[in-house]
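Student:
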Amino acid sequence: MAILNKSGRNHLHTETEAPTVRSVRAIRQGQRKSSTFSRFTRQRGGQEVAHASRQRIIALKAWHRACTPASGPYARTSTGEQPMKPTARAQLHLEVLEDRTLLAADSVLDWNLVLQQALRKSEMVAPTLAARNAAIVHGAIYDAFNAVMRIGEAYLKTLKTPPANLDPDAAIAGAAWWSLKKLFPEQKQIVNEALVVALAGIPNGQAETLGVGYGKYVAKQYLKLRKPDADLLWQGGYQPGNRPGMWQPTNQLLKAITPKWGRVNPFTLMAADHFVPPPLPSLTSSDYALAFTQVKGIGSASSLTRTLDQTQSAIFWAYDTEGKGTPVTLYNQVLFTVANQQGNHVGENARLFALANFAMADAAIAAWKIKFEVNSWRPITAIRQGANDGNPTTAGDPNWTPLAHTVFGDYTASPSYVSAHAAMGAAAFGVLRNFYGTDHVSFTLTSDELPGVTRSYLSFSQAARENSLSRVYLGMNFIFDVNAGESLGSAIATFVTTNYLRTTRQP
Numbered sequence: 010m011a012i013l014n015k016s017g018r019n020h021l022h023t024e025t026e027a028p029t030v031r032s033v034r035a036i037r038q039g040q041r042k043s044s045t046f047s048r049f050t051r052q053r054g055g056q057e058v059a060h061a062s063r064q065r066i067i068a069l070k071a072w073h074r075a076c077t078p079a080s081g082p083y084a085r086t087s088t089g090e091q092p093m094k095p096t097a098r099a100q101l102h103l104e105v106l107e108d109r110t111l112l113a114a115d116s117v118l119d120w121n122l123v124l125q126q127a128l129r130k131s132e133m134v135a136p137t138l139a140a141r142n143a144a145i146v147h148g149a150i151y152d153a154f155n156a157v158m159r160i161g162e163a164y165l166k167t168l169k170t171p172p173a174n175l176d177p178d179a180a181i182a183g184a185a186w187w188s189l190k191k192l193f194p195e196q197k198q199i200v201n202e203a204l205v206v207a208l209a210g211i212p213n214g215q216a217e218t219l220g221v222g223y224g225k226y227v228a229k230q231y232l233k234l235r236k237p238d239a240d241l242l243w244q245g246g247y248q249p250g251n252r253p254g255m256w257q258p259t260n261q262l263l264k265a266i267t268p269k270w271g272r273v274n275p276f277t278l279m280a281a282d283h284f285v286p287p288p289l290p291s292l293t294s295s296d297y298a299l300a301f302t303q304v305k306g307i308g309s310a311s312s313l314t315r316t317l318d319q320t321q322s323a324i325f326w327a328y329d330t331e332g333k334g335t336p337v338t339l340y341n342q343v344l345f346t347v348a349n350q351q352g353n354h355v356g357e358n359a360r361l362f363a364l365a366n367f368a369m370a371d372a373a374i375a376a377w378k379i380k381f382e383v384n385s386w387r388p389i390t391a392i393r394q395g396a397n398d399g400n401p402t403t404a405g406d407p408n409w410t411p412l413a414h415t416v417f418g419d420y421t422a423s424p425s426y427v428s429a430h431a432a433m434g435a436a437a438f439g440v441l442r443n444f445y446g447t448d449h450v451s452f453t454l455t456s457d458e459l460p461g462v463t464r465s466y467l468s469f470s471q472a473a474r475e476n477s478l479s480r481v482y483l484g485m486n487f488i489f490d491v492n493a494g495e496s497l498g499s500a501i502a503t504f505v506t507t508n509y510l511r512t513t514r515q516p
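In this text, residue positions in the sequence shown follow the working numbering: the first is 10, and each later residue adds one.
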């Protein structure tokens with residue numbers, strides 16, 4: 010399905026004092042003797058802890074156990090397992106770093122776990138805001154690391170030059186810690202403890218303090234840049250339509266979720282409507298009738314045509330229940346799994362996670378603009394009111410219920426076209442495909458929705474397609490919703506990876 014190129018509060022930050030050695034040390038000490046992580050805090054007075062790297066590894070293992078389920082796509086490969094063989098990839102053009110210290114552990118992956126945990130525990134339910142916050146966190150991580158290590162283009166072009174000899178791991182920690190603390194204030198304890206762990210293997214001294222301070226500075230620039238987003242979180246002012254074909258909430262207790270989000274300035278696109286999807290099929294068309302009949306059968310709670318595998322897939326990709334963190338968590342778990350299995354180094358991960366989360370955030374913005382302009386009804390309304398659509402080949406059923414409502418409840422809070430789930434998933438998988446220079450990477454995932462269940466894929470496009478179709482199996486979207494969403498997300502992924510954070514080679 011073609012996309013045509015058309016060519017700038019839930020929890021938002023408040024500015025506070027500049028970083029100080031005292032404030033960093035206070036956080037590291039935890040100021041809470043009962044802290045699970047206080048034993049990882051190093052002795053002060055300028056003495057470095059012996060075997061710092063070993064301590065950091067021990068601390069990180071404890072952290073992972075504390076904040077991550079035992080199983081999941083984001084679990085590291087354990088001892089004795091055979092890790093996936095890294096895929097041969099296109100030349101990434103990274104700067105030669107032979108004269109610099111390579112980081113022993115990957116702090117980007119470590120902080121991504123913290124982000125995932127914050128998303129799960131957060132009170133936010135809007136995937137739009139979750140995607141925006143994840144993009145801020147990983148954008149700040151990338152720019153803080155890149156300012157020190159100079160692996161490629163910066164996203165923020167006006168950052169001040171970092172002080173000499175600061176620690177890049179500390180810069181990542183400062184950027185992630187400050188952005189997470191401000192974006193998820195109710196998760197302050199988890200985020201502060203994560204900072205203690207992150208700094209456990211970095212020698213005390215100026216390099217550490219300067220690194221945290223510079224990372225915090227970068228995070229503050231991102232928060233300042235994205236502060237206007239708060240004005241578009243307001244839920245009021247939107248009135249659903251009542252004509253055939255127009256979206257209507259089926260749960261009167263739920264308002265339309267962030268209906269003005271399509272007005273948010275994208276992170277990378279020229280405008281929210283940079284890419285224009287195909288027009289919606291008319292209610293009287295044969296394409297509409299075919300899609301209607303398909304979802305009525307396969308997406309019904311009592312479907313006789315949906316297979317057990319399709320039902321599992323529908324729930325596996327959903328992330329529609331409380332405590333799952335919206336699909337943004339799922340797609341970051343996918344990124345974590347692939348990056349970990351492929352053996353990326355920290356610079357590659359800084360770039361990959363920033364690109365993917367930028368793309369997902371913009372896919373959400375673009376999808377929301379289309380949703381609340383087209384304002385098309387969900388299958389549940391279409392099928393229950395099928396007698397009024399003017400199409401003689403659609404047979405309505407006033408008692409029809411989608412699978413999603415029997416599994417997750419009635420939570421529909423946005424129009425159907427385009428599918429944001431499909432768009433954001435395709436954006437993430439598209440970035441992975443472009444980053445590695447191939448679609449053919451095999452990987453296995455698990456899901457918070459179905460603990461212990463694994464699903465394996467031979468390519469990024471296979472996983473992206475299954476993610477899209479899962480919304481039809483749930484009865485949440487028509488096939489044309491997910492097709493348009495998937496095409497939109499793929500187009501955004503290509504735009505982002507072509508035009509942003511391009512790597513450079515040392516002269």
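For each residue, glycine too, the CB sits at the ideal point set by N, CA and C.
#1: Using the Cβ count rule (16 or more neighbours within 10 Å means buried), how would you classify residue 150?
#2: Near residue 230, which residues of its chain fall below 7 angstroms by C-beta distance, leaving aside the five closest residues on each side in sequence?
#3: Grouping DSSP H, G and I as helix and E and B as strand, with all else coil, what is residue 420?
#4: Would you decide whether residue 252 is buried or exposed? Buried here means 16 or more other CB atoms lie within 10 Å of its CB.
#5: Between residue 477 and residue 431, is the Cβ-Cβ spacing less than 8 angstroms?
#6: Straight-line CA distance for residue 464 to residue 472?
#7: Would you mind working out which of 131, 307, 196 and 403 sits nearest residue 293, comparing C-alpha positions?
#8: Let's test the definition: count the other Cβ atoms within 10 Å of the Cβ of residue 286 and tell me whether it reaches 16, buried, or not, exposed.
#9: Only counting runs of 4 or more residues, tell me where the alpha helix (DSSP H) segments fall wholly within the region 464-516, in order along the chain.
#10: Please report the distance separating the alpha-carbon of residue 216 from that of residue 139.
#11: Pick from 459, 314, 462 and 453: whose alpha carbon is nearest that of residue 469?
#12: How long is the line joining the alpha carbons of residue 318 and residue 475, rounded to whole angstroms?
#13: Should the region 425-441 be called in touch with the region 493-504, which here means at least 3 C-beta pairs below 8 angstroms?
#14: Ordered along the chain, which non-local residues of its own chain (more than five positions away) have a Cβ less than 6 angstroms from that of residue 380?
#15: I believe residue 341 touches residue 118 by the beta-carbon criterion, under 8 angstroms. Please report the beta-carbon distance rounded to the nearest angstrom.
#16: From this set, 305, 238, 428 and 163, which residue's C-alpha is nearest residue 360's C-alpha?
#17: Quickly, what does DSSP pair residue 411 with across the bridge? List them, please.
#18: Which runs of the alpha helix (DSSP H) fall wholly inside the region 191-237 and span at least 4 residues, in chain order?
#19: Quick check on DSSP: helix, strand or coil for residue 188?
#20: Assign residue 330 to one of two classes, buried (16 or more other C-beta atoms within 10 Å of its C-beta) or exposed (fewer than that).
#21: Which stretch, first to last residue, makes up the beta strand (DSSP E) that contains residue 456?
#22: Which residue's Cα is closest to the Cα of residue 371: 279, 170 and 512?
#23: Between residue 250 and residue 243, how many whole angstroms is the CB-CB distance? I'm expecting something under 8 angstroms.
#24: Any chance the region 320-330 sits against the region 405-420, with 3 or more Cβ pairs inside 8 angstroms?
#25: Could you spell out where the alpha helix (DSSP H) holding residue 358 opens and where it closes?
#26: So which of 157, 321, 141 and 507 has the shortest CA-CA distance to residue 482?
#27: What's the gap between the Cα of residue 466 and the Cα of residue 414?
#28: Tell whether a beta-carbon distance below 8 angstroms holds between residue 334 and residue 129.
#29: Once DSSP output is grouped into helix, strand and coil, what is the label at residue 1?
#30: How long is the line joining the alpha carbons of residue 236 and residue 349, rounded to whole angstroms?
#31: Taking only the alpha-carbon atoms, compute the straight-line gap between residue 179 and residue 362 and give it to the nearest angstrom.
#32: Just mark residue 449 as buried or exposed, buried being the case when its beta carbon has 16 or more other beta carbons within 10 Å.
#33: Would residue 462 be called buried (16 or more neighbouring beta carbons within 10 Å of its own) or exposed?
#34: What's the gap between the Cα of residue 444 and the Cα of residue 392?
#35: Once you ignore the five residues that flank residue 354 on each side, which residues in its own chain have a CB closer than 6 angstroms to its CB?
#36: To which residues of the same chain is residue 275 closer than 8 angstroms at the C-beta, ignoring the five residues directly before and after it?
Tutor: Let me lay it out:
#1: For the purposes of this step, residue 150 is taken as residue 141 along the sequence shown, with counting starting at 1. So residue 150 ends up on the buried side.
#2: By one-based count along the sequence shown, residue 230 stands at place 221. So the list reads 165 and 168, once near-sequence residues are dropped.
#3: Taking the sequence shown and counting its residues from 1, one reaches residue 420 at position 411. In this structure, residue 420 counts as coil in the three-state DSSP scheme.
#4: On the sequence shown, position 243 is the one that residue 252 refers to. The residue is exposed, with fewer than 16 neighbouring Cβ atoms inside 10 Å.
#5: Along the sequence shown, one-based indexing puts residue 477 at 468. Along the sequence shown, one-based indexing puts residue 431 at 422. Result yes, Cβ atoms of residue 477 and residue 431 sit closer than 8 angstroms.
#6: Position 455 of the sequence shown, counted from the first residue, corresponds to residue 464. Position 463 of the sequence shown, counted from the first residue, corresponds to residue 472. Looking at the two C-alpha atoms, the distance is approximately 9 angstroms.
#7: Along the sequence shown, read from residue 1 onward, the residue named residue 293 stands at position 284. Per the Cα distances, 403.
#8: Taking the sequence shown and counting its residues from 1, one reaches residue 286 at position 277. Residue 286 is buried by the Cβ-count criterion.
#9: 469-482 and 488-508
#10: Residue mapping note: residue 216 aligns to position 207 of the sequence shown, counting from 1. Residue mapping note: residue 139 aligns to position 130 of the sequence shown, counting from 1. Cα to Cα, the separation comes out at about 32 angstroms.
#11: For the purposes of this step, residue 469 is taken as the residue at position 460 of the sequence shown. Nearest C-alpha to residue 469: 453.
#12: On the sequence shown, position 309 is the one that residue 318 refers to. On the sequence shown, position 466 is the one that residue 475 refers to. The alpha-carbon atoms of residue 318 and residue 475 are separated by roughly 11 angstroms.
#13: yes
#14: The sequence position of residue 380 within the sequence shown is 371, counting from 1. Correct list, in chain order: 423 and 424.
#15: Working through the sequence shown from its first residue, we reach residue 341 at position 332. Working through the sequence shown from its first residue, we reach residue 118 at position 109. Actually they do not touch by this definition, with Cβ atoms about 10 angstroms apart.
#16: Taking the first residue of the sequence shown as 1, we reach residue 360 at position 351. Measuring from the Cα of residue 360, the nearest candidate turns out to be 163.
#17: Here residue 411 corresponds to residue number 402 of the sequence shown, with the count starting at 1. Note: residue 411 sits in a beta bridge opposite 309.
#18: Listed in chain order, the complete alpha helix (DSSP H) runs (minimum 4 residues) inside the region 191-237 are 197-207 and 215-235.
#19: Here residue 188 corresponds to residue number 179 of the sequence shown, with the count starting at 1. DSSP places residue 188 within a helical segment (H, G or I) once states are collapsed to three.
#20: Position 321 of the sequence shown, counted from the start, is the residue given in the question as residue 330. When all chains shown are included, residue 330 counts as exposed.
#21: Position 447 of the sequence shown, counted from the first residue, corresponds to residue 456. Unbroken beta strand (DSSP E) run through residue 456: 452-456.
#22: Taking the sequence shown and counting its residues from 1, one reaches residue 371 at position 362. From the listed residues 279, 170 and 512, the smallest Cα separation to residue 371 is found for 279.
#23: As a position in the sequence shown, residue 250 is number 241, starting the count at 1. As a position in the sequence shown, residue 243 is number 234, starting the count at 1. So it is not a contact: roughly 20 angstroms between Cβ atoms.
#24: Contact between the region 320-330 and the region 405-420 is established, with three or more Cβ pairs separated by less than 8 angstroms.
#25: Within the sequence shown, the letter at position 349 stands for residue 358. Residue 358 -> alpha helix (DSSP H) spans 355-383.
#26: On the sequence shown, position 473 is the one that residue 482 refers to. Measuring from the Cα of residue 482, the nearest candidate turns out to be 321.
#27: The count along the sequence shown starts at 1 and reaches residue 466 at position 457. The count along the sequence shown starts at 1 and reaches residue 414 at position 405. In a straight line, the C-alpha of residue 466 is about 28 angstroms away from that of residue 414.
#28: Stepping through the sequence shown from its first residue, residue 334 is reached at position 325. Stepping through the sequence shown from its first residue, residue 129 is reached at position 120. Yes. Within cutoff.
#29: Residue coverage of the chain in this structure runs from 10 to 516, which leaves residue 1 outside it and unanswerable.
#30: Counting from 1 along the sequence shown, the entry for residue 236 is found at position 227. Counting from 1 along the sequence shown, the entry for residue 349 is found at position 340. Each residue's Cα considered, the two are about 33 angstroms apart.
#31: Locating residue 179 in the sequence shown gives position 170, counting from the first residue. Locating residue 362 in the sequence shown gives position 353, counting from the first residue. Taking the straight line joining both Cα atoms gives about 18 angstroms.
#32: The sequence position of residue 449 within the sequence shown is 440, counting from 1. Counting Cβ neighbours within 10 Å, residue 449 comes out exposed, since fewer than 16 surround it.
#33: Sequence index remark: in the sequence shown, residue 462 carries index 453 (1-based). Counting of Cβ neighbours within 10 angstroms places residue 462 among the exposed residues, the total staying below 16.
#34: In the sequence shown, counting from the first residue as 1, residue 444 sits at position 435. In the sequence shown, counting from the first residue as 1, residue 392 sits at position 383. Straight across, the Cα-Cα distance linking residue 444 with residue 392 is about 41 angstroms.
#35: Here residue 354 corresponds to residue number 345 of the sequence shown, with the count starting at 1. Taken in chain order, the list of residues that qualify is empty.
#36: What you label residue 275 is simply residue 266 of the sequence shown in a count that begins at 1. 17, 281, 283, 370, 371, 374 and 375.
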